[in-house]
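Structure first, then comments.
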Amino acid sequence: MPYVSPSPVLNRRVARLRELAEAEPRLDGVLLYGSWTLGESDAHSDIDAYLFVRDEHVETFDGREFVERLAPLKLAHINMHGILAVVFNDLMRGEFHVDAAGPGIDLIASWEGSVHLPDPGSAVLLDRGGRLTAAARRLAEFRPPEPVSTAQELCDELANWTLMLAHVAARGESARAYNLLHAVVAPLQLKLCRLLRGSTAHWLTPSRALERDIPEADRARHLLTTGGGLPAEVRVAAVESWRWSRDLAAEAAERWGTRLPLQLHEEIAELLAKG
């Protein structure tokens, strides 16, 4: 049975997208992604979709004009990732990838292991040739990340980026250190924490549903790493952040035998302590 969101507005918008797609001969397929496809959408959810345009029409297809048929737009622009990002008149956000159907649908196979579509039937809104449905079905089985190699990669990344953070903070660039702490280090920590706790369903966005997915003790450690932006606050948060990273790395080493460059870890801690 197709998925039904608790948000009537989102349900109507998805239904309208299906209707418009079926009536648009230049489209070969439409695939939803995001919270809708995971069965987690609500009144605050976006509408996110791939619009696969027949190859011969991709150069002339106007994505904005098509999306505006869904509802009036307050904003539309190509974002930093090359995706058409919109804000509808009711403040619902949307992201629409406009891709050539040939190479675009072929690329879906490379998503295995990183994208999960538990209900391909609800994710595929249009499929004129059958290729899109077949590709989406390959993503129906959830495949958690391989623990040992993934843990090693995350531990190494945390050491490398935290060392950069320490140098930046020592230089007096508190704003840049603050950004590194929140935008780079924290997502890596949350991924390692999720891996250790066996909670990898929201792997691509590790902060999503954090309050529900990981234990309170881990959430408390995470909060200690997210201080304010004043220089003294950044220094305290950076020290706490590295302390948690080391604890997570030690736990991974004990469980999976991952490498721990202990001398480097100590030197990073000393550099952070100096400010």
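Under our numbering, think of the first position of the sequence shown as 1, with each following residue one higher.
Glycine included, C-beta positions come from ideal geometry on N, C-alpha and C.
Bear in mind that the values here come from a model prediction, so they are computed numbers and not experimental data.
DSSP places L248 in the uninterrupted alpha helix (DSSP H) bounded by P231 to W256. Cβ-Cβ distances below 8 Å link I105 to D28, G29, F52, R131, L132 and A135 in the same chain, with the five nearest sequence neighbours on each side left out; the list follows chain order. Relative to S114, the option among L70, E141, P72 and P120 whose CA is nearest is E141.
Scanning the region 26-102 from its first residue to its last, the whole alpha helix (DSSP H) runs of 4-plus residues come out as 35-38 and 63-67. In the structure shown, V148 falls within a helical segment according to DSSP collapsed to helix, strand and coil.
In the three-state scheme derived from DSSP, where H, G and I count as helix and E and B as strand, D119 is classed as coil.
Pairwise C-beta distances place the region 55-62 out of contact with the region 4-12, as fewer than three of them are shorter than 8 Å. Membership of V124 in the beta strand (DSSP E) is indicated by the continuous run V124 to D127.
Pairing G102 with P231, the inter-Cα distance amounts to about 51 Å. Judged by DSSP secondary structure, I268 falls within the alpha helix (DSSP H) whose first and last residues are L262 to K274.
For the pair V124 and F96, the CB atoms are not nearer than the 8 Å cut-off. At the C-beta level, L158 and A273 stay beyond 8 Å of one another. With at least 16 other beta carbons inside 10 angstroms of its own, I214 counts as buried.
Secondary structure in the region 186-226: the alpha helix (DSSP H) runs of 4 residues or longer, each lying completely within the stretch, are 186-197, 210-213 and 216-224 in chain order. In the DSSP assignment, P8 falls within the alpha helix (DSSP H) that extends over P8 to A23.
Distance from the CA of P118 to the CA of R255, rounded to the nearest whole angstrom, comes to 29 Å.
A direct Cα-Cα distance of roughly 25 Å separates Y33 from Q189. Here R221 is near W244, since their CB atoms are less than 8 Å apart. Counted as a single uninterrupted DSSP element, the stretch harbouring S114 is not any alpha helix (DSSP H), since DSSP gives it neither H nor E. Residue R138 holds the alpha-carbon nearest to the alpha-carbon of S110 among F88, T226, R138 and P2. DSSP, reduced to helix, strand and coil, places Y178 within a helical segment of the structure shown. The C-alpha of T205 lies about 28 Å from the C-alpha of A71. For S199, same chain residues with a beta-carbon under 7 Å away, outside a window of 5 residues either side, are D213 and I214 in chain order.
Membership of R137 in the alpha helix (DSSP H) is indicated by the continuous run R131 to R137.
Assigned with DSSP and collapsed to three states, G172 falls in coil, not helix or strand. Here the region 76-96 makes contact with the region 40-52; the two share three or more CB pairs at distances below 8 Å. Going by C-alpha positions, I83 is about 23 Å away from A43. A Cβ-Cβ separation of about 6 Å places R235 in contact with A169 under the 8 Å criterion.
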